[in-house]
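The structure under discussion appears below in the form of structure tokens.
Number of protein chains: 2
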Amino acid sequence: MRLKLLKKNKTFSGETCFYEHASEVTQTNMKFSAFLPGDRSQIQNCIIWLSGLTCTEENFITKAGAQQFLDGTNTMIICPDTSPRGLNLPGEHVSYDFGSGASFYVNATSPGYCDHYRMYDYIAKELVSIIRSDFGAKKISIMGHSMGGHGALVLGLREQDTFVCVSAFSPIVNPIAVDWGEKAFHGYLGENKEDWKKYDATEIIRSGVSRKDTLLIDQGLSDEFLEKQLLTQHLVDVAKKSGQKVIVHFREGYDHSYFFISTFIKEHLEFHLKAFLMREAEIN
Amino acid sequence: MRLKLLKKNKTFSGETCFYEHASEVTQTNMKFSAFLPGDRSQIQNCIIWLSGLTCTEENFITKAGAQQFLDGTNTMIICPDTSPRGLNLPGEHVSYDFGSGASFYVNATSPGYCDHYRMYDYIAKELVSIIRSDFGAKKISIMGHSMGGHGALVLGLREQDTFVCVSAFSPIVNPIAVDWGEKAFHGYLGENKEDWKKYDATEIIRSGVSRKDTLLIDQGLSDEFLEKQLLTQHLVDVAKKSGQKVIVHFREGYDHSYFFISTFIKEHLEFHLKAFLMREAEIN
């Protein structure tokens, strides 16, 4: 888990950094970006950001405008790449919604992919371990966009001891019910759809899992993927039945892009910062 | 000058838009992006942003985080591409610092380029005309980064009736004295170095031109191009002799990247907004 610093850029009073390391989980090199507020010795908390299809570790950290809102806080943000790279598995580089750039944050079980596409464990175990050991953060939360919003919800619902707070922009809330999820889960997990459900936020909540805290979701109403791939209302409906608290802001006129994220990232970051503060108060 | 809207994304309460049009000046299609604050009927002012080498109309508008600071104001920002595209002139696509993506905002006189690489006139005349006629802005200012900072200073010094305010990040202030400028000006303007001086901010000030208002420059001290290509101090020195007011913020630890720009863009936008207000007060 030796981190190699690829580059760093002073941003506000902190540093935007790009790292690479040899991952034990994926058996490949993995990259991530991070924003470290000015005084690194003050870092107490870390938000994990999971990006969407076709993205890398660069998209969020260059486009969302998050740094200004974390500058001067005790909270860093870390943005892993969206899949292993440098492999040449069958079908890995054929389409934008499967393989490279499209891990869906599952532990693959299909031949070839099962040895590397273990992004669920990479985030929940290896990245979490790096955050604690290399950056000294004690409390960790998770958020993401689209495929990464799906990842944040699934990881946040299943790893409640690890993640203090969960939020998502434009998440794929019910992947087993849409084309993107069906294709990806079939490719990574095989034909048994029962195996897919543990990677589906709506199904996880339906199964009885719930967090005590509130999930925060922002969803643009002019999002070109809302009706066919995201299905936000499916999660709202099961959450209502199960008692899982969720705030969904449906935003008139906004689409699926980083321009949408940049508009509301401040609210999400404040939601996470507040959750860290509340957890701190509980501990003390 | 019919504008074709390529896409628009709601951003804060306004819209980030991408346009294309057939340029009379460059005899090519030209693209630009723009952020239009919520109520377009309220637009009074427009800032032109000129980007640096290798950039397109996309870099600034996706990375700088400017929209949040213009939202709710009467001021839009417009970001043209950095050169004509779609040609195949001799040597045009060979290197990053000449030809496509590297116009240096001059009116080329060399064979082939003279028919298309007329970016000085494109900005000063055609884009200014579009801003007035298609967007209804009355007052216009200019800023830019690196090669675009050079462009902003040169256009701002020479077109004082057009531009209310001028600022730059990491500008190439004395292009005739550095490799980037020598290569580009030789290619666009030929061998007579006297012809180069009208596109060199330091030489323009040295020749006696000055603006009544103050130029604002931000320059990172860890900028990898500072010593060999930017030469900020050359402009500071001639400005001091000539009486041209200039504020240069040398910023410790910052480099040439958009992370630097995102850190200080708020200050530059406020500088321009204040200049528009002052000009408004002068008129009334």
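Going down the list, the sequences are from chains A and B.
Under our numbering, the residue at position 250 of the first sequence is numbered 1037, and the numbers go up by one with no gaps.
Under our numbering, the residue at position 212 of the second sequence is numbered 999, and the numbers go up by one with no gaps.
Beta carbons are placed, not taken as given, at the ideal position from N, Cα and C, and that holds for glycine.
Being a predicted model, the structure only gives us computed values, none of them experimental.
Look at B/T949: its C-beta is not under 8 Å from any C-beta on chain A. Along the region 969-998 of chain A, there is no position whose C-beta sits under 7 Å from a C-beta of chain B. The beta carbon of A/Y1041 falls within 8 Å of a beta carbon belonging to chain B, placing the residue at that interface. The Cβ neighbour count for A/I1070, taken over all protein chains shown within 10 Å, is under 16; the residue is labelled exposed. The Cβ of B/F1058 sits no closer than 8 Å to any Cβ of chain A. Under the Cβ criterion of 8 Å, B/T1050 is counted among the residues facing chain A. In the DSSP annotation of this structure, the continuous segment of the alpha helix (DSSP H) that includes A/E969 starts and ends at 966-976. The closest CA to that of B/R993, considering only B/G1030, B/E1039, B/Q1006, B/I959, is found on B/G1030. Against chain A, the beta carbon of B/G852 has neighbours under 8 Å at G852, Q855, S1049, listed in chain order. Looking from the CA of B/K791, the closest CA among B/V812, B/Y907, B/A821 belongs to B/A821. For A/Y1045, the closest Cβ of chain B is nearer than 8 Å. Assigned with DSSP and collapsed to three states, B/L823 falls in strand. In the DSSP annotation of this structure, the continuous segment of the alpha helix (DSSP H) that includes A/A1026 starts and ends at 1019-1029. As summarised for the region 856-907 of chain B, the continuous beta strand (DSSP E) elements at least 3 residues long and confined to that stretch are 862-867, given in chain order.
Look at A/F950 here: in three-state DSSP terms it is strand.
Around the C-beta of A/L1008, fewer than 16 other C-beta atoms lie within 10 Å, and the residue is accordingly described as exposed. When the beta-carbon positions are compared, A/P962 and A/H932 stay at least 8 Å from each other. The beta carbons of A/Y986 and A/V881 sit no closer together than 8 Å.
Across the region 788-805 of chain B, CB contacts with chain A closer than 8 Å involve N796, K797, T798, F799, T803, in sequence order along the chain. In this structure, B/E845 lies away from B/P867, with their beta-carbon atoms at least 8 Å apart. In this structure, A/I929 keeps its C-beta atom at 8 Å or more from the C-beta atom of A/I1052. Nearest to B/Y975 by alpha-carbon distance, out of B/V1035, B/M906, B/N861, is B/M906.
Interface criterion not met: the Cβ of A/S928 is under 8 Å from no Cβ in chain B. According to the DSSP secondary-structure assignment, A/W836 is paired through a beta bridge with A/M930. Neighbours of B/T860 in chain A, taken as residues at a C-beta separation under 8 Å, are lacking, since the least C-beta distance is about 16 Å. Note on geometry: alpha-carbon atoms of B/K795 and B/K1028 lie some 47 Å from one another.
When beta bridges are read from the DSSP output, A/F956 appears opposite A/H932, A/D1005. Any Cβ of chain A closer than 8 Å to the Cβ of B/T849 would place that residue at the interface, and such an atom is present. For A/E946 and A/T1019, the gap between their C-alpha atoms comes out near 21 Å.
If the five residues before and after A/K1032 are omitted, its C-beta is found closer than 6 Å to the C-beta atoms of T1001, all from its own chain and listed in chain order.
Nearest neighbour of A/I910 by Cα position, chosen from A/T841, A/T860, A/L940, turns out to be A/L940. For B/S800, the closest of B/L914, B/G1040, B/T860 by C-alpha to C-alpha distance is B/T860.
Taking a contact as a CB-CB distance under 8 Å, the pair B/A895 and B/S870 does not count as one, their CB atoms being some 10 Å apart. Ranking A/Q814, A/Y883, A/Q829 by CA distance to the CA of A/D902 puts A/Q814 first. Contact check for A/F956 against A/D1005 passes: the beta carbons are separated by less than 8 Å. Beta-bridge annotation (DSSP): A/T803 is paired with A/N796, A/F822.
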